[in-house]
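Undergrad: First to last, the sequence lines map onto chains A and B.
Residue 211 is where the first sequence ends in my numbering, and the numbering goes up by one at each step.
Residue 317 is where the second sequence ends in my numbering, and the numbering goes up by one at each step.
Every residue, glycine too, gets a C-beta built ideally from N, C-alpha and C.
One structure coming up, written as structure tokens, with questions to follow.
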Amino acid sequence: MPHDHLSPSGHPYRKDDDHPLTYWQQMEIAVRELLVEKGVTTPADIAAEIDAMDSRSPANGAAVVARAWTDPTFRKALLKDASAATRAMGFDIGALHLIAVENTADIHNIIVCTLCSCYPRNLLGLPPDWYKSRAYRSRTVREPRKILAEFGVTLPQTTTIRVHDSTADMRYVVIPARPAGTDDWSEQQLANLVTRDSMIGTGLPKTPGA
Amino acid sequence: MDKAQDAYDGRRWHDMGGEAAGPVPQDDHDFALWEKRVDALMVICSSHGLFTVDGLRRVLEDMAPEAFETMSYYERWIAAINQNLIEAGTYTTAELAKRMSEVAARGTTYGEASDA
């Protein structure tokens, strides 16, 4: 069916709207409309929830990590109760119980959800597709060094690797080790070194000058 | 490799930690609007107490392992959300069927069908 780039109501089509309608999209539209009609929610509430989701990104986690690197009191509070410490920074952590695990010279942490896709989404945004894949879910608890190698991370055999299996109610975030050569760096400069994968444990922070 | 033909080991299919599997797929995608809407509906439904994340997971886990291979993540989610809402009495299967027919009648793309 030919059409121009305006819908019948005059709104521009979103790029990803212009594909044949699938059965499950049909269901999503129907469920959403029924929820609105039944008074459970409103289109504005749904849009606001999507805006909130879009605003959550690894930059939030990076700010937490950078503060932990520069503020010993905050670091202590974060390791004691990450939900409370990040909430105090102004992040909407929701009901989930968040645990921060810290990498050191001898210990590397990596997080997974073997049962589904639990992820510190309120701090890092939605999980990448690979985090939800059968391969990552299955193998990370069995052969974490091989998984790390696939992500380009090779650690000395003397490094202890701790794998944390998340649950719906308990999520982890990795506090990577602060890169060397950053002693006089500001919190903002440090935050720029912190990648999403370094907070999942499948990566390391960027190094100065890299 | 076919788990269905193995002796039952006490675990259900979703409990896949420790199993052998291939390389981690590195491709990623940006979420489409309809996927974000599914996610938003889950957050809203649970915050309104209609059902919990455990209810979502129960339905996801009750899907056959084939669903994990043939349906995308948010396709499985909307199926699970719908099942929970029907169980909660939020709407009936008849209401759903009627609305889905109306949606399909609006057009052949997501954009057209979304435009009530």
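(1) Just verifying my parser: in three-state terms, what is the DSSP assignment at Thr71 (chain A)?
(2) Does DSSP put Leu127 (chain A) in a helix, in a strand, or in coil?
(3) Could you list which residues in chain B have their beta carbon closer than 9 Å to that of Arg146 (chain A), in chain order?
(4) Expressed to the nearest angstrom, what Euclidean distance is found between the alpha-carbon atoms of Leu124 (chain A) and Ile94 (chain A)?
(5) So Leu99 (chain A) is in the beta strand (DSSP E); what residue range does that whole segment cover?
(6) Counting only C-beta atoms, is Tyr209 (chain B) closer than 9 Å to chain A at any point?
(7) Give, in chain order, every residue of the segment 33-44 of chain A whose Cβ lies closer than 9 Å to some Cβ of chain B.
(8) Which residues in chain A sit within 7 Å of Gly218 (chain B), going by Cβ to Cβ distance?
(9) For Val142 (chain A), which option in A:Ile112, A:Leu127, A:Val154 has the closest C-alpha, if you only look at C-alpha atoms?
(10) Give the residues from the segment 173-187 of chain A that approach chain B closer than 9 Å (Cβ to any Cβ), ordered along the chain.
(11) Got a sec? Which residues, its chain only, sit under 6 Å from Val304 (chain B) by beta carbon, not counting five neighbours each side?
(12) Please say whether Val239 (chain B) and Trp214 (chain B) have beta carbons closer to each other than 9 Å?
(13) Counting only C-beta atoms, is Pro21 (chain A) closer than 9 Å to chain B at any point?
(14) Determine the DSSP secondary structure at Met200 (chain A), reduced to helix, strand or coil.
(15) Please classify Glu29 (chain A): is it buried, with 16 or more other beta-carbons within 10 angstroms of its beta-carbon, or exposed?
(16) Here's the rule: buried if 16 or more other CB atoms are within 10 angstroms of the residue's CB, otherwise exposed. What is Ala83 (chain A)?
(17) Where does the unbroken alpha helix (DSSP H) through Tyr275 (chain B) begin, and where does it stop?
(18) Does chain A have any CB closer than 9 Å to the CB of Phe252 (chain B)?
(19) Distance, Cα to Cα, Ala78 (chain A) vs Glu296 (chain B)?
(20) Answer yes if the segment 56-69 of chain A comes into contact with the segment 177-191 of chain A, meaning at least three C-beta pairs across the two stretches below 8 Å, and no otherwise.
(21) Does DSSP put His4 (chain A) in a helix, a strand or coil?
(22) Under 8 Å by Cβ, that's how I've got Tyr173 (chain A) and Pro121 (chain A) pegged, so tell me the actual separation to the nearest angstrom.
(23) For the beta strand (DSSP E) containing Val32 (chain A), name the first residue and the last one.
(24) Is the CB-CB distance between Ile287 (chain B) and Ile47 (chain A) below 9 Å?
TA: With the given structure in hand:
(1) Of the three classes helix, strand and coil, the one that applies to Thr71 (chain A) here is helix, per DSSP.
(2) Leu127 (chain A): coil per DSSP, three-state reduction.
(3) Chain B residues near Arg146 (chain A): none, gap ~13 Å exceeds 9 Å.
(4) 7 Å
(5) First-last of the beta strand (DSSP E) with Leu99 (chain A): 98-103.
(6) Not one beta carbon of chain A lies nearer than 9 Å to the beta carbon of Tyr209 (chain B).
(7) Arg33, Glu34, Leu35, Leu36, Glu38, Lys39, Val41, Thr42
(8) Thr115, Arg138, Ser139, Val142, Asp166
(9) A:Ile112
(10) none
(11) Ala314
(12) no
(13) yes
(14) helix
(15) buried
(16) buried
(17) 274-289
(18) It does not: the Cβ of Phe252 (chain B) has no partner Cβ on chain A nearer than 9 Å.
(19) 50 Å
(20) yes
(21) Residue placement at His4 (chain A) cannot be trusted, given a pLDDT of 43 that sits under 50; the coordinates are not used to answer.
(22) 7 Å
(23) Premise fails: Val32 (chain A) lies in the alpha helix (DSSP H), 24-38, not in any beta strand (DSSP E).
(24) no
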